[in-house]
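Protein chains in written order, with this note's numbering: chain X, 2 to 309; chain F, 291 to 544.
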């Protein structure tokens, strides 16, 4: 059944949209990530204009993260104080990201920057995650108990000024790295149409030493608030949010996520992280190839003004 | 369809025979094409008859005639871009902008266009797709030529540009009809169908019809809200997302 998307101005198969929403939702439930980094590329590769794909997925990420954030909130797994700092800086970063997005779109370099952004970011994060997962898997096979680094081990980050006490995370750290992480995620997330959970969680764990019980919840709360703000900004700035497209993806995504979460309980943590790393790397490689390989068509076209 | 048959009959009986001065009586099956949520393209029928000039002494016109129908969509500014290989990666480096370029362009004709008339006459009347890319451009002649040709090729691959040289069928010496399937990617806006009647390589009559491609009902409401009230639209998207996420959590909570 074909459905006409009023902003993208093309008709797409409804079951295809709900299907990829569901499949990505399944994976996001399985790995506990938002899934934007999979959905945006899938839409782009299936013919949805890049700008519409990025801004509509932003809306879908809000929906995908809301149910998770709520359940973490009920369990007390969100450090609201820390989340507030991340959200404010994240929204500031998103302003920059959305403005850059419009400039790039006008210059015809949006696709290039998004492809390079995905290659660099996903490639980097994917390799780090794979290394970590392989090491953990090898050690567990040798029977060595893996010990994570203790939260009281300090690094140079803990020597910065303007320290603030975050009670729930039991941290007394400078706000500078917190704001920097928020700004970066806000900028990258709004530019690439990803929630940034898979960057945020490692950053909170390894850089700030946020304890495990509040990491996921805080990251999800930040993603919901920041992506909500980004959706509104995209709607105002580039008017490319397709609510129908976003809704189809949301429906598939929220349903798929529940099955993914159930399936995730049968796999071990390091196996999951290893699989996620492979998935992230696969997306990075796909974008990398599109940059390096000779394109089928060196010519492309774009509309620069509305219909008259 | 009934309307069409009735018109066909009227036209056939009223069409009477001869001479050079002729006028065109024509019509199109739809004057608006409505884009609904299940819009997947639409088929249009153009038809008409060639009759003697109104008020002339002639009783009938003498063929053979050739008919060319040019369907033009709303214009947009469009750019064609070229990727080149730099530092190991492919990136857009050159671009040419075509101002007020048709978003849709299809030519239907009863015979091969170059057999119907001289290429200059066809170009002057913008009957060939290439004519639209030959408008002087600040990018310079050679670049415009290359990028224009590529742009037309890209548009053709998307079904937005096309030439069907057997698209017009004559049912009698003077009565013709033509069918065109408008793809779902055809942009909304005002469309013009120009019909030319050729005889011996000259245009002897022409007429234009307008029709509109419009989003209606919910589609129209969404598209208008997105451009006219972007802030509210954005907030609505967020509320919808929050609600869907919350509902999903409630429905599937174990």
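Here a beta-carbon is modelled for each residue, glycine too, at the ideal position from N, C-alpha and C.
CA-to-CA distance, residue j to residue i, given in whole angstroms
| i | j | result |
| --- | --- | --- |
| residue 403(F) | residue 459(F) | 14 Å |
| residue 298(X) | residue 171(X) | 55 Å |
| residue 152(X) | residue 80(X) | For residue 152(X), the predicted model reports a pLDDT of 49, less than 50, meaning its position is unreliable; a value from the coordinates is still stated below. Spanning the two alpha carbons is a distance of roughly 16 Å. |
| residue 498(F) | residue 483(F) | 6 Å |
| residue 513(F) | residue 6(X) | 9 Å |
| residue 14(X) | residue 326(F) | 14 Å |
| residue 330(F) | residue 470(F) | 14 Å |
| residue 335(F) | residue 319(F) | 5 Å |
| residue 388(F) | residue 357(F) | 29 Å |
| residue 372(F) | residue 305(X) | 16 Å |
| residue 282(X) | residue 131(X) | 9 Å |
| residue 183(X) | residue 66(X) | 17 Å |
| residue 23(X) | residue 369(F) | 36 Å |
| residue 72(X) | residue 228(X) | 18 Å |
| residue 465(F) | residue 495(F) | 14 Å |
| residue 467(F) | residue 338(F) | 7 Å |
| residue 200(X) | residue 125(X) | 10 Å |
CB-CB length for residue i against residue j, believed under 8 Å
| i | j | result |
| --- | --- | --- |
| residue 247(X) | residue 60(X) | 4 Å |
| residue 520(F) | residue 236(X) | 5 Å |
Any C-beta of chain F under 9 Å from that of residue i
| i | result |
| --- | --- |
| residue 242(X) | yes |
| residue 67(X) | yes |
| residue 60(X) | yes |
| residue 174(X) | no |
| residue 245(X) | yes |
| residue 133(X) | no |
| residue 170(X) | no |
| residue 143(X) | no |
| residue 152(X) | Reliability fails at residue 152(X), whose pLDDT of 49 lies under 50, so the model's placement of it is uncertain and no value is given. |
| residue 296(X) | yes |
| residue 5(X) | yes |
| residue 51(X) | no |
Proximity test, Cβ basis, 9 Å: residue i and chain X
| i | result |
| --- | --- |
| residue 427(F) | no |
| residue 301(F) | Low confidence applies here, because residue 301(F) scores a pLDDT of 47, under 50, leaving its location unreliable; read the following figure in that light. Taking Cβ atoms only, chain X never reaches closer than 9 Å to residue 301(F), which makes this a no. |
| residue 466(F) | no |
| residue 330(F) | yes |
| residue 378(F) | yes |
| residue 516(F) | yes |
| residue 445(F) | yes |
| residue 430(F) | no |
| residue 373(F) | yes |
| residue 321(F) | no |
| residue 419(F) | no |
Residues sharing a beta bridge with residue i, DSSP
| i | result |
| --- | --- |
| residue 372(F) | 300(X) and 384(F) |
| residue 366(F) | 391(F) |
| residue 485(F) | 359(F) and 497(F) |
| residue 454(F) | 398(F) |
| residue 313(F) | 341(F) |
| residue 504(F) | 324(F) |
| residue 335(F) | 469(F) |
| residue 528(F) | In DSSP, residue 528(F) forms no bridge with anything. |
| residue 14(X) | 3(X) |
| residue 274(X) | Note: residue 274(X) sits in no beta bridge, so no partner. |
| residue 33(X) | Its beta-bridge partners do not exist; DSSP assigns none. |
| residue 164(X) | 175(X) |
Three-state class that DSSP yields for residue i in the structure shown
| i | result |
| --- | --- |
| residue 468(F) | strand |
| residue 8(X) | coil |
| residue 534(F) | helix |
| residue 175(X) | strand |
| residue 379(F) | strand |
| residue 102(X) | helix |
| residue 419(F) | helix |
| residue 49(X) | coil |
| residue 510(F) | helix |
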